[in-house]
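Sequential numbering of the sequence shown, starting at 13, is according to our numbering. Using N, Cα and C, we set each Cβ at its ideal position, and we do this for glycine too. Take a look at the structure set out below.
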Amino acid sequence: MNIPSNRDFCKSLPKIELHAHLNGSLSEKTLTELGSSPDDVAEYQRLQRTPPEGRNLSDCFKIFGFAHKATATPEAVYLATKNVIREFYDDNVIYLELRTTPREEVGIMTAESYVEAVVKAIQDNTYDILVKLILSINRQHSPELSKNNLDVILKLKEKYPNIIRGIDLSGDPHKGNFEDLKILFETARKNGLRTTLHCGEVKNDEEVSQILEFRPDRIGHAPFLHPNYGGCSKNWNLLRMLKIPTEICLTSNIISGTTKSYELHHIKEWIKHDLPFSLNTDDKGVFHTDLSQEFERALKYLHIKNEQILEISSNSVNHSFATQEEKNKLQEKLKEWVYTNCNF
Ligand code: 6MZ
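Here it is, written out as structure tokens:
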């Protein structure tokens with residue numbers, strides 16, 4: 013029998029991506045196509061390739077500036093979205109939940125025209141990859157700006173209910189707090205949006221507790237949640253009880269320094285306690301990765317078996333914000349692939 017290498021297995025596997033920020037996912041090729049100067053692209057590359065010891069979470073946030081500079085018009089946002097979708101498709105991702113923060117560029121683009129450009133690129137997609145949109149509230153923004161963005165999000169959710177599926181809390185975890193923004197997420201939920209919140213990217217037991225008590229559909233990252241990783245037992249026990257699926261981004265955590273190493277990644281506790289999670293890229297441009305490599309690293313460093321990778325993919329479909337009918341189709345695709353490619 014011909015046993016495929018981990019690389020071939022992970023590349024060919026139909027994959028589900030649930031945590032990808034649009035402007036963190038731009039490749040150097042896209043930045044260049046969007047007219048970024050050679051100096052900016054070189055600096056982006058330099059930052060991307062700085063070893064983790066020389067970088068922290070705040071440094072990573074600086075890199076988004078390069079992408080934002082390049083996507084400052086609706087045309088650029090449209091092209092960026094198209095390219096990102098195609099690159100995920102090239103990596104055999106069959107379902108992509110892209111997330112992005114509505115952004116205004118004074119005199120050039122409103123938050124609404126920004127989101128319209130992203131939606132148009134999703135509507136125009138002709139590749140065999142199903143794409144949904146999650147809109148982000150940036151914790152760094154003032155509550156007034158976030159409220160305005162929520163108004164735009166709700167308006168466009170009504171217009172594109174099958175594309176805009178959820179709302180996310182993201183941004184620099186050192187800034188802002190969930191409690192001030194909770195009301196916005198409650199309103200979003202009442203209006204039919206699914207919720208996913210970045211959680212515990214820095215040690216902040218009080219906020220982690222507030223986020224878990226809110227009972228979002230999913231949480232992101234959670235490196236400082238388990239007591240052995242700087243969190244507290246109360247929150248860990250709550251997560252174990254609620255079983256909220258966690259979006260895990262291995263390379264992002266290593267490079268941004270929130271996790272020491274792949275071998276010691278906090279996901280080990282999720283696996284040990286059989287808690288639900290998905291594997292994701294976060295910012296494939298900023299962290300110089302793709303979903304196949306994330307799966308490969310899980311096989312290599314976490315001693316996960318190929319069968320478990322299939323289980324993670326199938327569970328990710330269940331955690332997604334797709335409709336039940338879409339989930340059924342995705343599960344069928346996975347099963348078909350297993351039938352033709354695996355003999356376990
Ligand atoms: C928190 C993150 C993030 O929205 O302009 N973002 N927020 N933690 C992370 N992990 C490292 N990675 C990305 O994409 C870029 C924005 O996504 C959020 C930040 O707010 C960043 O500015 P969009 O498409």
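Query, Result
"Return yes when the Cβ of residue 295 is within less than 9 Å of the Cβ of residue 22, no when it is not.", "no"
"Can you tell me whether residue 214 is buried or exposed, with buried defined as 16 or more other CB within 10 angstroms of its CB?", "exposed"
"I'd like to confirm the pairing. Which residues does DSSP put opposite residue 291 in its beta bridges?", "260"
"Where in the segment 159-231 do unbroken runs of the alpha helix (DSSP H), each at least 4 residues long, occur, reported from the N-terminal end onward?", "190-202, 217-226"
"Are the beta-carbon atoms belonging to residue 160 and residue 123 less than 9 Å from one another?", "yes"
"Is residue 234 near residue 263, with beta carbons less than 9 Å apart?", "no"
"Tell me the DSSP secondary structure of residue 348 in three-state form.", "helix"
"Run the proximity test for residue 82: is its beta-carbon closer than 8 Å to any non-hydrogen atom belonging to the ligand 6MZ?", "no"
"Grab the span of the beta strand (DSSP E) containing residue 105 for me, first residue to last.", "105-112"
"Report yes if the CB atom of residue 209 is closer than 9 Å to the CB atom of residue 166, and no otherwise.", "no"
"Specify, as a first and last residue, the run of the beta strand (DSSP E) that residue 33 falls within.", "27-33"
"Taking 8 Å as the cut-off, does the CB of residue 124 come closer than this to any heavy atom belonging to the ligand 6MZ?", "no"
"Hey, could you find the ends of the alpha helix (DSSP H) residue 321 is sitting in?", "318-331"
"When you compare only the Cα positions, how much space is there between residue 322 and residue 346?", "8 Å"
"Report the residue from 115, 268, 308, 139 whose alpha carbon sits nearest the alpha carbon of residue 299.", "268"
"Is the closest heavy atom of the ligand 6MZ to the C-beta of residue 185 under 8 Å?", "yes"
"Find out if the Cβ-Cβ distance for the pair residue 197, residue 236 is shorter than 9 Å.", "no"
"Closer than 6 Å is what we want: which residues have a beta carbon that near any heavy atom of the ligand 6MZ? List them in chain order.", "33, 34, 35, 36, 72, 76, 112, 113, 148, 150, 182, 183, 210, 213, 264, 268, 294, 295"
"Residue 238 bridges to which residues according to DSSP?", "Beta-bridge pairing links residue 238 to no other residue."
"Can you look up residue 94 in the DSSP assignment and give me helix, strand or coil?", "helix"
"Helix, strand or coil, according to DSSP, for residue 150 in the structure here?", "strand"
"I need the boundaries of the alpha helix (DSSP H) containing residue 75, first residue and last residue.", "69-82"
"Quick check: the Cα distance between residue 49 and residue 337, rounded to an integer number of angstroms?", "44 Å"
"For the putative contact between residue 112 and residue 148, defined by C-beta atoms under 8 Å, what is the C-beta separation to the nearest angstrom?", "6 Å"
"Have a look at 42, 291, 66 and flag the residue whose alpha-carbon is nearest the alpha-carbon of residue 87.", "42"
"Excluding the five sequence neighbours on either side, which residues of its own chain have a C-beta within less than 6 Å of the C-beta of residue 13, listed in chain order?", "Low per-residue confidence applies at residue 13: pLDDT is 46, beneath 50, and the placement is therefore not dependable, though the value from the model is reported in the following sentence. Taken in chain order, the list of residues that qualify is empty."
"If you draw a straight line from the alpha carbon of residue 283 to that of residue 290, how long is it in whole angstroms?", "11 Å"
"Name the one or two DSSP bridge partners that residue 144 has.", "109"
"Sort 276, 80, 79, 250 by Cα distance to residue 220 and report the nearest one.", "250"
"Measure the Cβ-Cβ separation of residue 85 and residue 117 and say whether it is below 9 Å.", "yes"
"Quick one: measure Cβ to Cβ for residue 297 and residue 119, integer angstroms, because I've assumed they're closer than 8 Å.", "About 27 Å; that fails the 8 Å criterion."
"Where does the unbroken alpha helix (DSSP H) through residue 22 begin, and where does it stop?", "18-24"
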